[in-house]
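Input: a single structure, listed below in structure tokens.
There are 2 protein chains.
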Amino acid sequence: MNNSYPGKLYLALVHHPVKNKNGEIIASAVTNLDLHDISRAAKTYGAEAFYVVTPLDDQRTLVEELVSHWTTGRGGDYNPMRREALELIRVRKDLSRVIDEIRLQDGRPVKVVATRAAESTGQLEFAEFRHLLAEGSCSYLLLLGTAWGLADAVLDAADYVLTPIRGNTAYNHLSVRSAAAIILDRILGHTG
Amino acid sequence: MNNSYPGKLYLALVHHPVKNKNGEIIASAVTNLDLHDISRAAKTYGAEAFYVVTPLDDQRTLVEELVSHWTTGRGGDYNPMRREALELIRVRKDLSRVIDEIRLQDGRPVKVVATRAAESTGQLEFAEFRHLLAEGSCSYLLLLGTAWGLADAVLDAADYVLTPIRGNTAYNHLSVRSAAAIILDRILGHTG
Chain A
1 MNNSYPGKLY LALVHHPVKN KNGEIIASAV TNLDLHDISR AAKTYGAEAF YVVTPLDDQR
61 TLVEELVSHW TTGRGGDYNP MRREALELIR VRKDLSRVID EIRLQDGRPV KVVATRAAES
121 TGQLEFAEFR HLLAEGSCSY LLLLGTAWGL ADAVLDAADY VLTPIRGNTA YNHLSVRSAA
181 AIILDRILGH TG
Chain B
1 MNNSYPGKLY LALVHHPVKN KNGEIIASAV TNLDLHDISR AAKTYGAEAF YVVTPLDDQR
61 TLVEELVSHW TTGRGGDYNP MRREALELIR VRKDLSRVID EIRLQDGRPV KVVATRAAES
121 TGQLEFAEFR HLLAEGSCSY LLLLGTAWGL ADAVLDAADY VLTPIRGNTA YNHLSVRSAA
181 AIILDRILGH TG
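Line by line, the protein sequences are chains A and B. With my numbering applied, the first sequence closes on residue 192, and no number is skipped along the way. With my numbering applied, the second sequence closes on residue 192, and no number is skipped along the way.
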């Protein structure tokens, strides 16, 4: 990792439990380009790892195959930059395993920061998140929801819920790939 | 459009002339998710239009079909938020048509701002671009390159070349989708 901030940031792209269009809890399918785009952004901004979380065995196998194509297979020779990014990916069955793994690895508390598109009370501002990362006494796990967003149970269990991204219109339907890039830039980027 | 800034910003995703891995000039294939992600980000940040530029007739037909599925077809009923975003897309043959069209429509000069991943001399800083948009005497066309980036001829002909996005590592291989989102947030977003 880079040394410009002492806090360690991890990303998790959550495929279960998330909501569908009708607010029901589902396990979403993994989208190939999510893996490429978010791992490249994670690498650019110095995140420690990018967890892809799904309880579906065949989906985890699929992701492992894609990652190994680019990291140890022919894809890595063709495009070493993809390899470097996709090496950040860790495929896991559920969030509790992810949190335990980070805690064990870093030997300090893990704070979970959930994201959502709608406003809520007591949400974590971007500037405050920057500050927490700079302060650096904990590891932080940023949760990104697929489909229609993280289940309420995940939001309720999180230590923080991050302020939604607002552009300068009432429209706020960014893809999870775009949202991940903007969040990383806001909390770790040096804008000029 | 929204009224929070008087300058008008247009985006163009350029598929020709761009470079391939070996630096040769090519026409790249249109990527479906580029259209979705960048139009949603453009809508979120209040861009005027999102031009998809390719000289290939079959590619333009493909994009027109995809856009009409979501704007006037069944996709629009299923997901009105996609419709609103994809309505920003205009498919054009080359950049000179795009520039002429904007000039004619807005009745004022059009300044072209190119983007690239490598540093160059005299580049436009993000803060300066914000200022130019706020000042608002011109329309601005932001060029995003596909494949391995915009051809040198496009960079040379542009009025400005925007500072590359730096995260906080030496790695700078964001997808064009991520880069577009971050650039829009930096020049038009209100970060908190």
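Note that beta-carbon positions come from the ideal geometry of N, C-alpha and C, so glycine has one too.
*Would you mind telling me which residues of chain A sit closer than 8 Å to B/H190, beta carbon to beta carbon, in chain order?*
Residues of chain A passing the Cβ test: R166, N168.
*B/T115 and B/I187: beta carbons closer than 8 Å?*
No, the pair does not count as a contact, with Cβ atoms beyond the cut-off.
*asked:* If the cut-off is 7 Å on Cβ atoms, which residues from the region 38-70 of chain A count as contacting chain B, listed in chain order?
replied: Flagged, chain order: R40, A41, K43, T44, Y45, G46.
*Can you have a look at A/A42 and say buried or exposed, based on whether 16 or more other CB atoms are within 10 angstroms of its CB?*
Burial call: buried.
*In whole angstroms, what is the alpha-carbon distance linking B/H16 and B/Y51?*
So the alpha carbons of these two residues sit roughly 13 Å apart.
*Mind reading off the beta-carbon distance from B/Y45 to B/L142? Whole number of angstroms is fine, and I expect it under 8 Å.*
Rounded to the nearest angstrom, the Cβ distance from B/Y45 to B/L142 is 11 Å, too far for a contact under 8 Å.
*Have a look at A/L86, A/Y160, A/P55 and flag the residue whose alpha-carbon is nearest the alpha-carbon of A/D37.*
For A/D37, the closest alpha carbon among the candidates A/L86, A/Y160, A/P55 is that of A/L86.
*At a Cβ threshold of 8 Å, is A/I26 touching chain B?*
At a cut-off of 8 Å between beta carbons, A/I26 makes no contact with chain B.
*Under the three-state DSSP convention, the category A/K43 falls into*: Helix.
*A/Y140 bridges to which residues according to DSSP?*
Looking at the DSSP assignment, A/Y140 forms a beta bridge with A/L9, A/K111.
*Separation of A/G75 from B/N32, as counted between CA atoms*: Separation of B/N32 and A/G75 (C-alpha to C-alpha, rounded to the nearest whole angstrom) is 21 Å.
_So, for B/G149: in the same chain, excluding its five sequence neighbours on each side, which residues have a beta-carbon less than 7 Å away from its beta-carbon?_
If you ignore the 5 residues before and after B/G149, its C-beta comes within less than 7 Å of the C-beta of V18, K19, R116, A117, all in its own chain and listed in chain order.
*Of the listed residues A/G189, A/S178, A/A147, nearest to A/F126 (C-alpha basis)*: Selected option, being the one with the closest Cα: A/G189.
*Anything in chain B within Cβ reach of A/D185, meaning under 8 Å, just list it in chain order.*
At a C-beta separation below 8 Å, A/D185 has these neighbours in chain B: I165, G167, I182, D185, R186.
*asked:* Suppose only complete runs of 4+ residues qualify. What are the alpha helix (DSSP H) ranges in the region 84-131 of chain B, listed by chain order?
replied: Within the region 84-131 of chain B, the complete alpha helix (DSSP H) runs of at least 4 residues fall at 95-106.
*For B/V209, which of helix, strand or coil comes out of DSSP?*
Residue 209 of chain B is absent from the model: chain B starts at 1 and stops at 192.
_Per-residue contacts from A/R177 into chain B (C-beta, under 7 Å)_ = Residues of chain B passing the Cβ test: D37, R177, S178.
*Using alpha carbons as the reference points, say which of A/L162, A/R83, A/A47 lies closest to A/L66.*
Looking at the Cα atoms, A/R83 is the closest of the given residues.
*Give the range of the beta strand (DSSP E) segment to which A/L162 is assigned.*
Element bounds for A/L162: 160-162.
*Check whether A/T146 and A/L13 have beta carbons under 8 Å apart*: Yes, Cβ-Cβ distance for A/T146 and A/L13 is below 8 Å.
*What residues match up with B/K19 in a beta bridge as DSSP calls it?*
In the DSSP output, where bridge partners are listed per residue, B/K19 has B/I25.
*Return the bridge partner residues of B/G189 from the DSSP annotation.*
For B/G189, which the question treats as bridged, DSSP gives no partner whatsoever.
*Run through DSSP, which three-state label would A/Y51 get?*
A/Y51 sits in a strand when the DSSP states are folded into three classes.
*asked:* Nearest by alpha-carbon distance to A/L133: which of A/R40, A/L88, A/A47 is it?
replied: Ranking A/R40, A/L88, A/A47 by Cα distance to A/L133 puts A/A47 first.
*Quick one: residues in its chain with C-beta nearer than 6 Å to the C-beta of B/H231, no 5 flanking neighbours on either side, listed in chain order?*
Since the first residue of chain B shown is 1 and the last is 192, residue 231 of chain B is not available in this structure.
*Alpha carbon to alpha carbon, how far is A/R90 from B/A157?*
Each residue's Cα considered, the two are about 43 Å apart.
*For the candidate residues A/P109, A/S139, A/T163, whose alpha-carbon lies nearest to that of A/T121?*
Nearest neighbour of A/T121 by Cα position, chosen from A/P109, A/S139, A/T163, turns out to be A/T163.
*In chain A, what lies closer than 7 Å to B/Y171 by C-beta?*
Simply K43, T44, E84.
*asked:* Looking at chain B, is there any beta carbon in it that lies within less than 8 Å of the beta carbon of A/Y33?
replied: The residue asked about is misnamed: residue 33 of chain A is Leu in this sequence, not Tyr. Closer than 8 Å to some Cβ of chain B, the Cβ of A/L33 qualifies, so yes.
*Report all residues from its chain with a CB closer than 6 Å to the CB of A/D159; omit the five preceding and five following residues, and keep chain order.*
Excluding sequence neighbours, A/D159 sits near K111, V112.
*According to DSSP, is B/G145 helix, strand or coil?*
Strand.
*Is B/V30 near the ligand GTP, going by C-beta to nearest heavy atom under 7 Å?*
Looking for the ligand GTP in the displayed structure turns up nothing, as the structure carries no ligands at all.
*For the candidate residues B/D77, B/P80, B/S137, whose alpha-carbon lies nearest to that of B/R103?*
Checking every option, the nearest Cα to that of B/R103 belongs to B/S137.
*Extent of the continuous alpha helix (DSSP H) to which B/G73 belongs*: Taken as a continuous stretch (DSSP letters only), B/G73 belongs to no alpha helix (DSSP H), as it is neither H nor E.
*Could you tell me which residues DSSP pairs with B/V154 in its beta bridges?*
Note: B/V154 sits in no beta bridge, so no partner.
*Relative to the alpha-carbon of B/L144, which residue among B/K21, B/L56, B/V161 has its alpha-carbon at the smallest distance?*
Cα-wise, what sits closest to B/L144 is B/V161.
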